[in-house]
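Okay, so here's the structure we're looking at.
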Amino acid sequence: MIQIRRIVCPTDFSPTAARAVDYAAEMARSFDAELTLLHVIPEMTYPLRSFGMATAFPHLREELHQRADDALQQIKAQLGANTKVSTLLRDGDAHAQVLECAKSLGADLIVMGTHGHTGLRHALLGSTAEKVVRLSECPVLTVRASK
């Protein structure tokens, strides 16, 4: 029998991600699993002429962390006491951080939202969800936006 004990659910606070959180929370309650809500803040750098890259705006980063933490805590509160939820903030590339988080926590499942990007940009870059699906060591459930 398949046992799901730990679920990682990355969120960018979009409507699609909110729908994925709903799925993940329902699954966590059904399996009596631990749910980790993850938000990844991308690295902010800007080029310095002839000197490479420099990390930008440290006060902005602090503000982004505080706002993201507040939003994660709000989601956690909305899910209620009958859902085992923890929150996690990370910096870096979204797909890499989702994969690292799932691996380090020993996740049995990743539940995440996906967008239906099409066209050349999508073909060249791929989406975060596609990269996670392709590279994850555990199953990934992708949730589309409601119509």
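The sequence shown runs 116 to 262 under our numbering.
Even glycine gets a Cβ: it sits at the ideal position worked out from N, Cα and C.
In terms of alpha-carbon separation, which member of R259, T126 and M227 lies closest to P157?
T126
Spell out the partners DSSP gives H154 in its beta bridges.
L204
Quick check on this structure: which residue in L150, I119 and R249 has the alpha carbon closest to the alpha carbon of I190?
Checking every option, the nearest Cα to that of I190 belongs to L150.
Have a look at G221 and G228 and give me their C-alpha separation to the nearest angstrom.
20 Å
Please list, in chain order, all residues of the same chain as A209 whose beta carbon is under 6 Å from its beta carbon, the five residues on each side excluded.
V155 and T243
Indicate the three-state DSSP secondary structure (helix, strand or coil) for R176 in the structure shown.
In the structure shown, R176 sits in a helix (DSSP, three-state: H, G or I).
On the DSSP letters alone, give me the boundaries of the alpha helix (DSSP H) that C253 sits inside.
No alpha helix (DSSP H) contains C253, which DSSP labels as neither H nor E.
May I ask you to list the residues that DSSP assigns as paired with C124?
For C124, which the question treats as bridged, DSSP gives the partners L152.
Where do the N-terminal and C-terminal ends of the beta strand (DSSP E) with T229 fall, by residue?
L224 to T229
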